[in-house]
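What follows is one structure encoded as structure tokens, with my remarks underneath.
There are 2 protein chains.
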Amino acid sequence: MTESRFSTEPARPRAPRARGKSRDGDKRERILRAATKVFARKGFYATKVSEVAKAAGVADGTIYLYFKSKDDLLVSLFEDRIMLLLATLDRALGERPTPEERLRCVIEMQLGLLEGERDLAEVITINLRQSTRLMKQYAAPKFALYLDTIARVIADGQKAGTFRADVSPHIVARTIFGALDGITMTWALGKAEAGGLSRAATQVADVLLEGLLARR
Amino acid sequence: MTESRFSTEPARPRAPRARGKSRDGDKRERILRAATKVFARKGFYATKVSEVAKAAGVADGTIYLYFKSKDDLLVSLFEDRIMLLLATLDRALGERPTPEERLRCVIEMQLGLLEGERDLAEVITINLRQSTRLMKQYAAPKFALYLDTIARVIADGQKAGTFRADVSPHIVARTIFGALDGITMTWALGKAEAGGLSRAATQVADVLLEGLLARR
DNA sequence: CGGTACTGAATCGTGATTCAGTCACCCTTG
DNA sequence: CAAGGGTGACTGAATCACGATTCAGTACCG
Chain V
34 MTESRFSTEP
44 ARPRAPRARG
54 KSRDGDKRER
64 ILRAATKVFA
74 RKGFYATKVS
84 EVAKAAGVAD
94 GTIYLYFKSK
104 DDLLVSLFED
114 RIMLLLATLD
124 RALGERPTPE
134 ERLRCVIEMQ
144 LGLLEGERDL
154 AEVITINLRQ
164 STRLMKQYAA
174 PKFALYLDTI
184 ARVIADGQKA
194 GTFRADVSPH
204 IVARTIFGAL
214 DGITMTWALG
224 KAEAGGLSRA
234 ATQVADVLLE
244 GLLARR
Chain F
34 MTESRFSTEP
44 ARPRAPRARG
54 KSRDGDKRER
64 ILRAATKVFA
74 RKGFYATKVS
84 EVAKAAGVAD
94 GTIYLYFKSK
104 DDLLVSLFED
114 RIMLLLATLD
124 RALGERPTPE
134 ERLRCVIEMQ
144 LGLLEGERDL
154 AEVITINLRQ
164 STRLMKQYAA
174 PKFALYLDTI
184 ARVIADGQKA
194 GTFRADVSPH
204 IVARTIFGAL
214 DGITMTWALG
224 KAEAGGLSRA
234 ATQVADVLLE
244 GLLARR
């Protein structure tokens, strides 16, 4: 957890080489899944590496074959998932022509990804925010990538004349992201009823779209 | 950090009795301020109690005269500040008659409180989200209080016919809170330019208001 | 004095990380 | 085909630094 005082990051452990069936990708994924579950239940700080190991059905030491440290486990979890979201989103956006559809797509996608994954939602909206250092150094760049994608949707809509042009795409992107993140967080902290997120998605989209449309 | 297995919480340490000038309220506040600064810089987990003590100019043990534990320090920080925000907000809302003004008031107040206090902003948007347990047990109730206040503003506006009635005040409240929280977080993680928050406030308010107004 | 606020060095449990082995598998060679 | 041995994944008990918390003692005030 201490600031590394070396300028060169220690090499991320190479995952054991894929062999035949891929026992390995399997194991890394199993550890990530177990970590999500345990982190969500107990919090990152209160979770012992050995508990993650037990939940994943591997030995304590095995975790260090796949991840540099406990921190790295958390960060990898986030990076893996957000990159997946980004890829899915990019693909989906390709098929939506109008700005309205595209905005709705963003909203439905972010909430949809977490709808069935309460644990993941908890980890990302709560546990990930451990330290400023962790956030700034590792999470912020990926966040920025995601925010840029949203901002581009807004900017395109403005250029097309669909969205009002008197607001900054970046501020709007942060607003949208924050709104969704907040919805997710309160959902995860509360009863997390099934379907709650998608119901919220529609309303959030309705309000934001209405607020963003250019008045003629 | 472990789940307390006792049904009765250990009594919060009584702050040393106020005497004459109030040396005590002073000291508690000094510790809270020091904690804010250090937590923001290093993160909660990586901060040693002794560092907070040094920053506050008191002995390590003194902290335990005012707070139950390191956790309690973080939670108290949050509770103190959000209760202040709530009180200020309630007072201000009393003077704003129209729903539009009231909504703008909420937005300006939440962002305004943090504009000059980057450290506090970091602690609340980032460090506070340590563990699910901490959040659920201590922070969530205060959050709920705050969200209710916002929801009431929305509901009143709907009753008055100013705001559209086809969205849930609670979902809208979460959306607004989340948007502001997200704006604050990205601001704190980034350059945190002076004035950045109030500039954002105007735009967020413009978009949300436009999205919420009833169309006739 | 008696009491209260405060101090800070010592304690003591903890848990991340390491590493010396074990195991399973496959390739080589006779 | 069997034996030998090399390779790399995996194991889990031991280490060892760390830092929250405690508490015996000091200082000060009335």
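Same order as they appear, the protein sequences are chains V and F. Count along the first sequence starting at 1, add 33, and that's the number in the numbering used here. Count along the second sequence starting at 1, add 33, and that's the number in the numbering used here. Think of the CB as a built atom: it goes at the ideal place given N, C-alpha and C, for glycine as much as any other residue.
Asked, Found
"Are the CB atoms of Val240 of chain V and Thr19 of chain F within a distance shorter than 8 angstroms?", "Residue 19 of chain F lies beyond the stretch modelled for chain F, which goes from 34 to 249, so this question has no answer here."
"What does DSSP give as the partner residue(s) for Phe196 of chain F in the beta ladder?", "F:Leu246"
"Determine the DSSP secondary structure at Gly127 of chain V, reduced to helix, strand or coil.", "helix"
"Measuring straight from C-alpha to C-alpha, what distance separates Ala73 of chain V and Leu65 of chain V?", "12 angstroms"
"If you drop the 5 nearest sequence neighbours on each side, which residues of the same chain put their C-beta closer than 6 angstroms to that of Glu84 of chain V?", "Val71"
"What is the rounded straight-line gap between the Cα of Leu245 of chain F and the Cα of Glu243 of chain V?", "8 angstroms"
"If we ignore side chains and look at the alpha-carbon of each, how far apart do Ala172 of chain V and Val186 of chain V end up?", "22 angstroms"
"Helix, strand or coil for Glu84 of chain F? Go by DSSP, reduced to three states.", "helix"
"So which of F:Thr235, F:Ala120 and F:Asp199 has the shortest CA-CA distance to Leu213 of chain F?", "F:Thr235"
"For Asp123 of chain V, tell me which candidate among V:Arg114, V:Cys138 and V:Pro174 has the shortest Cα-Cα distance.", "V:Cys138"
"Which same chain residues end up closer than 7 angstroms to Leu178 of chain F when comparing Cβ atoms and leaving out the 5 residues on each side of it in sequence?", "Leu119"
"Tell me the residue span of the alpha helix (DSSP H) that contains Val139 of chain V.", "Pro132 to Glu148"
"Within the continuous alpha helix (DSSP H) that includes Ile96 of chain F, where are the two ends?", "Asp93 to Tyr99"
"Within the 8 angstroms Cβ cut-off, does Asp239 of chain V reach chain F?", "yes"
"What did DSSP end up calling Ala79 of chain F once you bin it into helix, strand or coil?", "coil"
"Apply the 10 Å Cβ neighbour rule to Lys81 of chain F and answer buried if 16 or more other Cβ atoms are within range, or exposed otherwise.", "exposed"
"Alpha carbon to alpha carbon, what distance is there between Thr165 of chain V and Arg248 of chain F?", "43 angstroms"
"Please list, in chain order, the chain V residues whose beta carbon lies closer than 8 angstroms to that of Lys64 of chain F.", "The sequence as given places Ile at residue 64 of chain F; Lys does not occur at that position. Correct list: empty, because the minimum Cβ distance to chain V is about 20 angstroms."
"Kindly say whether Arg129 of chain V, judged by its beta-carbon, lies nearer than 8 angstroms to any beta-carbon of chain F.", "no"
"Closest to Gly228 of chain F by CA distance: which of F:Leu98, F:Gly145, F:Asn160 and F:Leu161 is it?", "F:Gly145"
"For Gly223 of chain V versus Phe210 of chain F, is the C-beta spacing smaller than 8 angstroms?", "no"
"Consider the Cβ of Tyr78 of chain F: report whether some Cβ of chain V lies at a distance smaller than 8 angstroms.", "yes"
"Please list, in chain order, the chain F residues whose beta carbon lies closer than 7 angstroms to that of Ala233 of chain V.", "Ile204"
"Keeping to the same chain, check which residues put their C-beta closer than 7 angstroms to that of Glu112 of chain F; ignore five residues upstream and five downstream.", "Lys175"
"Which residue comes first and which comes last in the alpha helix (DSSP H) that contains Ala206 of chain F?", "Pro202 to Leu222"
"At a CB-CB cut-off below 8 angstroms, which residues of chain F make contact with Asp214 of chain V?", "Gly211, Asp214 and Gly215"
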